[in-house]
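Report on the following structure.
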Amino acid sequence: MPQLVEVAEKYPTVNVHQGVSELLRGQPRVSIVKLAGVACAAGAEFVVAADMTLAAAETVKLAQNEALLGIMPGGDGTQDLREWMGRARALGAVVGADLVDAATVAQHGWINRALRAAELDSFVDTIAHNIASIGAHVVAGVKKALPSADLTEGLRVENDARWALVQHERAQKNMGATAELDVQTRVSERDIEGLLRRVASQL
Amino acid sequence: MPQLVEVAEKYPTVNVHQGVSELLRGQPRVSIVKLAGVACAAGAEFVVAADMTLAAAETVKLAQNEALLGIMPGGDGTQDLREWMGRARALGAVVGADLVDAATVAQHGWINRALRAAELDSFVDTIAHNIASIGAHVVAGVKKALPSADLTEGLRVENDARWALVQHERAQKNMGATAELDVQTRVSERDIEGLLRRVASQL
Amino acid sequence: MPQLVEVAEKYPTVNVHQGVSELLRGQPRVSIVKLAGVACAAGAEFVVAADMTLAAAETVKLAQNEALLGIMPGGDGTQDLREWMGRARALGAVVGADLVDAATVAQHGWINRALRAAELDSFVDTIAHNIASIGAHVVAGVKKALPSADLTEGLRVENDARWALVQHERAQKNMGATAELDVQTRVSERDIEGLLRRVASQL
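Residue numbers (our numbering), protein chains in the order written: chain D, 322 to 524; chain B, 322 to 524; chain X, 322 to 524.
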């Protein structure tokens, strides 16, 4: 993908996951995540790499829960969270590693807005229609004046810190024990944080 | 105005509208906007250039709606919005180009606080009196430790991006068609976003 | 304390109070303030130097009220407030110099979250337990990717601005008159802002 090559040239030390996030962040068009359910780990990193997230207030939860495997976010997550929420709340999200409800993530700036589930579709349709109406050249002009931050140093540090954790004996044990379980089922996914904490506590 | 000359020397590429915003941003005293109604476009840029905005929760709405004319904010608006709300919400405001209610702008940091309309006057009187009481030298000291961000690069990009849009055929048509209408009436102003969208959709 | 010497070497112009805040900010572990009551002045600066603050919604209030003595925060307070809340709200807090309720400080980002008082202990216990469970090496890795901002210039300006105010005749009178009163009693502390305003108005 030539666009990923461009990202790789701009950020020579990024990993592939960070590259995908940077690709999304660097689009001349506006990316909107419409979220009705739960997103965690890499899924939650995709959310924060988008330009905007609009979420159903009653049902959405977000978790950056990689720490439960003895690792940490490694696809822009720490840097995007810091940009949206500031260091204190980003840190709380990553080391707390728990699901956070929609009202709280809206207050923290993790998402743009939480809306009543019944209104979410029409709200997103309207904003998407409005953005399309103003023309791609206007959108591109606005995005020039509001460029995504230069994360060169942050991505390097995130990648290095994550890689050190992935190689750590504790993470290896943790991921090994988890891989032996049947975690990618609907039931497990519903309380993945609880499951991972139980696995970790038994190592 | 000698102060505008100073701004022009500090930021050699700013336009006059940006210069006025920078003049307001750079005051040694505290500027407070007390807002009870609707502010949009250049009016909304004046709001965000002030140090603080206190707003009536029931009646205030803000819109950075220039995109509806095929242009974009060009008087510090994109940069001030980014400083107060972060990139995601600033972008949403500018490309969404719609009125946003007081509760949401307070949550996003677009203003300092939304207060019940009945309390707004006394709240602002109290804070203005308190600020006056501590003395201009204390205010100036605090503002030294909390300087406005250096927007040199951001203002240059905002000005260039806006100027390119103003010269674009689409904006010329858009502004031309709007100028032929009687838009600066009370009725038109009450739904200026709707009116501008209808004009744009018929070009 | 060897750690303070390290801070002093990193920030050669900091004062001791700023040094203590930097020491707290620079910890490889996560510092959590659990707050059930009122914190003001240096106490409030301690709060914002910590990584996270969780507060009782019904009872917590915060004030950065040094301006009432004719001085200003001088222990990282202005810089930490700016990092958590942005310039507009930090400025409002410091020159307003008034108590702010928990719901507002949570909305502004002055703290991480306000929780019902009845839930505060168990919430903090859970997050502390969860952080301990992921291991100190994971916490340290995350903190590397989310370093505290470099405040070298901000701390220098804060220290200089505060020192100029401390030496000002007005502050000397103000602090002198206050020192003669019996302010460190429970009753006085309950309305310290009112008391200091009355003292200042009579100078």
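Quick reminder that beta carbons are idealized off the backbone N, C-alpha and C, glycines included.
- Listed along the chain, the chain B residues whose CB falls inside 9 Å of the CB of aspartate 419 of chain X are Thr447, Ile448, Asn451.
- Straight through space, the alpha carbons of alanine 449 of chain X and aspartate 397 of chain B are spaced by roughly 43 Å.
- For isoleucine 455 of chain B, the nearest beta carbon of chain X is closer than 7 Å to its own beta carbon.
- Excluding the 5 residues flanking it on each side, leucine 517 of chain B has same chain C-beta neighbours closer than 6 Å at Leu389, in chain order.
- Chain-ordered listing is empty here: chain X has no CB closer than 9 Å to the CB of threonine 506 of chain D, the nearest sitting near 24 Å.
- Annotation: valine 359 of chain B is outside any alpha helix (DSSP H); the continuous beta strand (DSSP E) that includes it extends over 359 to 361.
- When the Cα atoms are used, tryptophan 484 of chain D and valine 335 of chain D turn out to be separated by approximately 12 Å.
- Only residues of its own chain outside the window of five on either side were considered, and among them Tyr332, Glu343, Asp397, Gln400 have a CB closer than 8 Å to the CB of leucine 472 of chain D, listed in chain order.
- If one requires a minimum length of 3 residues, the beta strand (DSSP E) runs lying completely within the region 424 to 470 of chain B are 434 to 436, in chain order.
- Here threonine 374 of chain B is buried. Its C-beta has 16 or more other C-beta atoms within 10 Å.
- Shown here, threonine 380 of chain D sits in coil according to DSSP, grouped into three states, outside any helix or strand.
- Taking the beta carbon of alanine 409 of chain D as reference, the chain X residues within 7 Å of it are Asp372, Met373, Trp405, Asn433, listed in sequence order.
- With 16 or more other Cβ atoms inside 10 Å of its own Cβ, serine 469 of chain D counts as buried.
- Of the candidates B:Lys382, B:Asp503, B:Val508, B:Val369, the residue whose Cα lies closest to the Cα of aspartate 422 of chain B is B:Lys382.
- Valine 478 of chain X carries a helical assignment under DSSP once its states are collapsed to helix, strand and coil.
- Of all alpha-carbon atoms in D:Gly391, D:Ile392, D:Ala384, the one lying nearest the alpha-carbon of leucine 402 of chain D is that of D:Ala384.
- Nearest CB-CB separation between valine 416 of chain D and chain X: below the 7 Å threshold.
- Separation of glycine 395 of chain D and alanine 409 of chain D (C-alpha to C-alpha, rounded to the nearest whole angstrom) is 19 Å.
- Cβ proximity to chain X below 8 Å picks out His458, Val459, Val460, Gly462, Val463, Lys464, Lys465, Ala466, Leu467, Pro468, Ser469, Ala470 from the region 458 to 476 of chain B.
- The Cβ atoms of valine 368 of chain X and alanine 378 of chain X do not sit closer than 7 Å to each other.
- Following the DSSP letters along the chain, one finds leucine 325 of chain B in no beta strand (DSSP E) but inside the alpha helix (DSSP H) bounded by residues 323 to 331.
- Using a 10 angstroms sphere on the CB of leucine 356 of chain B, the tally of other CB atoms reaches 16 or more, which defines it as buried.
- Close partners of methionine 496 of chain D in chain X (Cβ separation under 7 Å) are lacking, with about 13 Å as the shortest Cβ gap.
- Nearest CB-CB separation between valine 381 of chain X and chain D: not below the 7 Å threshold.
- Apart from the 5 residues on each side of it in sequence, alanine 362 of chain D sits with its Cβ closer than 8 Å to the Cβ of Ala384, Gln385, Asn386, Glu387, Pro394 in its chain, given in chain order.
- Closer than 7 Å to the CB of glycine 391 of chain B there is at least one CB belonging to chain D.
- Pairwise C-beta distances place the region 404 to 418 of chain D in contact with the region 454 to 469 of chain X, as three or more of them are shorter than 8 Å.
- Judged by DSSP in its simplified three-state form, isoleucine 392 of chain D adopts coil rather than helix or strand.
- Taking the Cα positions, alanine 371 of chain B is about 20 Å away from aspartate 419 of chain X.
- Close partners of glycine 413 of chain X in chain B (Cβ separation under 7 Å): Met373, Asn433.
- Straight through space, the alpha carbons of glutamate 514 of chain B and valine 326 of chain D are spaced by roughly 41 Å.
- Rounded to the nearest whole angstrom, the C-alpha separation of arginine 491 of chain D and alanine 453 of chain X is 14 Å.
- In this structure glutamine 428 of chain X is in contact with alanine 427 of chain B, their Cβ atoms being roughly 7 Å apart against a cut-off of 8 Å.
- Your pair glycine 391 of chain B and leucine 486 of chain B checks out as a contact, with CB atoms roughly 6 Å apart and the cut at 8 Å.
- Across the set D:Gly407, D:Gly364, D:Arg437, the C-alpha of D:Arg437 shows the shortest separation from the C-alpha of threonine 380 of chain D.
- Glycine 456 of chain B has its alpha-carbon roughly 11 Å from the corresponding atom of valine 351 of chain B.
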